[in-house]
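Written below as structure tokens is the structure these notes are about.
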Amino acid sequence: MAEGSFTGFARPAVPTPQEIRDWALDPYSTAPEGRQWDLTQATDELVDTWLDLAADATCPKRSFALHVLYIYAGDAVRTNFRVHARKRVDRLLEKAVGCGDQYVELWAANTKALIRQPDLFDYHEWCNGGLVRRPRRLNPGPTRK
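Quick note on numbering: the sequence shown equals residues 1 to 145 in our numbering.
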């Protein structure tokens with residue numbers, strides 16, 4: 001299959017979990033054309049799929065999946081959980097902590113730090129891939145009262 005020739009999306013703007021898996025596991029596929037496709041994929045319907053793919057060391061789109069997780073968490077916290085419910089985020093964090101993957105567990109630790117200290121949110125780091133390209137544990141300062 002030639003690079004970019006993935007044709008498995010019926011509607012690229014709203015793919016199904018199976019379409020996401022098929023795309024992510026194809027080493028030659030590229031993201032669909034369109035502005036900020038990554039931002040549109042951080043949905044409640046797809047987040048478990050992205051978590052599974054981010055935890056799969058053999059997934060060719062693993063970094064992309066991790067990037068979507070950072071977008072999801074950042075959006076949840078910066079909107080005070082109006083976009084994604086706190087209960088859903090907490091459930092996802094529980095699943096992530098026990099997955100055994102260092103990058104997903106780092107995402108979980110960083111997300112918990114962000115929840116404790118929302119001013120750790122930086123758009124470049126959380127939504128433009130900074131924490132994926134340069135993985136590190138965020139160290140929150142003392143919490144404010």
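For glycine and all other residues, C-beta sits at the position ideal for the given N, C-alpha and C.
Please read all numbers here as calculations on a predicted model, not as lab measurements.
As the crow flies, the alpha-carbon of Arg82 is around 24 angstroms from that of Leu106.
Note that the region 119-131 does not touch the region 84-92; fewer than 3 beta-carbon pairs, one per stretch, sit closer than 8 angstroms. In this structure, Val77 sits near Leu114, with a CB-CB distance shorter than 8 angstroms. Remark: C-beta atoms of Pro27 and Phe9 do not approach each other more closely than 8 angstroms. DSSP places Pro17 inside the alpha helix (DSSP H), whose first and last residues are 17-25. In the structure shown, Arg116 falls within a helical segment according to DSSP collapsed to helix, strand and coil. Arg137 sits close to Ala109, with the two beta carbons spaced by under 8 angstroms.
Collapsing the DSSP output to three states places Ala57 in coil.
The Cβ atoms of His67 and Asp48 lie no closer than 8 angstroms to each other. When the Cα atoms are used, Thr30 and Phe6 turn out to be separated by approximately 7 angstroms.
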